[in-house]
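Residue numbers (our numbering): 203 to 481.
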């Protein structure tokens, strides 16, 4: 009897392990994966294949729904017509990777045949740069580097590549690598507001505040694009906050107050830092 009970528990555990779906992956972690969504009101799991369209970005090829039986089997209900493609936003919705041992039950191939049409020129510098740029935008900087560093080996002078590499390194707190790249890039692209912004941020993180201020002043005078002025000022302000330098903090707080601040969070964080320093 004890052996029979143990056997039943073992079988139940095995079935549960086979059908268990772990909803712990974000869309940006799911490129080229079959994924399932949480159950809907009909106890069905919507599912599909996530890939990246070079124009649309993250996309779900919606396949249909499936239910999980008491024995752990996946029973699919596919769409009657052609599949539906849904553009995904890189939000915090969590999906589950469908286990490979369930592909046959869902009657799906591990790699859909149609995917090949989205995999042309995978090793071209244009595609590598674009994928790195997208993953940086989704704050998946480690993943971005896998594309950008390949692109760098092909042509380190490719337009926009250096600053994207620097963005990835800064995101991963590899500030020395970022500074090394940006020192040259700022000389070549001295009028580029994005390069200047990234360079100022890097210098503050490497405790080269005088160089950061010098670049800030140069940018204000020579760069026509002013969209990053407030962010640049804030990064210098934050440096003095971390140093607990009240005098210089207040000076840069006044500078920030003179600027057109489009991002309300910059003003809110600056005010909180000022309150904290004045305690």
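Here a beta-carbon is modelled for each residue, glycine too, at the ideal position from N, C-alpha and C.
Kindly identify the DSSP beta-bridge partner or partners of residue i.
i           : result
residue 263 : 251, 287
residue 228 : 296
residue 406 : BP columns for residue 406 are empty, so no partner.
residue 276 : 270
Taking the beta strand (DSSP E) that residue i falls in, what are its first and last residues?
i           : result
residue 316 : Careful: residue 316 lies outside any beta strand (DSSP E) and carries neither H nor E.
residue 236 : 235-238
Is residue i helix, strand or coil by DSSP?
i           : result
residue 384 : helix
residue 270 : strand
residue 242 : coil
residue 321 : coil
residue 456 : helix
residue 310 : coil
residue 417 : helix
residue 212 : Caution applies to residue 212, whose pLDDT of 39 falls short of 50 and renders its modelled position unreliable; the value that the coordinates give is listed next. Of the three classes helix, strand and coil, the one that applies to residue 212 here is helix, per DSSP.
residue 390 : helix
residue 399 : helix
residue 377 : helix
residue 450 : helix
residue 423 : helix
residue 304 : helix
residue 222 : coil
For residue i, which residues of its own chain have a beta-carbon under 6 Å away from its beta-carbon, when the five flanking residues on both sides are left out?
i           : result
residue 480 : none
residue 371 : 379, 380
residue 464 : none
residue 291 : none
residue 427 : 395
residue 280 : 266
residue 468 : 432, 436
What residues in its chain sit with their C-beta under 7 Å from that of residue i, if we drop five residues either side in the sequence?
i           : result
residue 277 : 268, 269, 271
residue 474 : none
residue 476 : 455
CB-CB under 8 Å to residue i, same chain, minus the five flanking residues each way: which ones, in chain order?
i           : result
residue 406 : 414, 437, 438, 440, 441
residue 435 : 418, 454, 457, 458, 461
residue 342 : 230, 231
residue 256 : 320, 329, 332
residue 393 : 424, 425, 426
Following the continuous alpha helix (DSSP H) through residue i, name the residue where it begins and the one where it ends.
i           : result
residue 440 : 431-444
residue 346 : 343-356
residue 363 : 363-373
residue 258 : Where residue 258 is concerned, there is no enclosing alpha helix (DSSP H), given that its DSSP letter is neither H nor E.
residue 328 : 327-339
residue 478 : 466-479
Would residue i pass as an interface residue toward chain B - the criterion being a Cβ-Cβ separation below 9 Å?
i           : result
residue 463 : Considering every chain present, this structure includes no chain B. It has just one protein chain.
Is it true that the segment 264-280 meets the segment 329-340, where meeting means three or more beta-carbon pairs spaced less than 8 Å apart? no
Report yes or no: do the segment 337-353 and the segment 299-306 share at least 3 C-beta pairs separated by less than 8 Å? no
Pairing CB atoms from the segment 237-249 with CB atoms from the segment 347-358, are three or more of them under 8 Å? no
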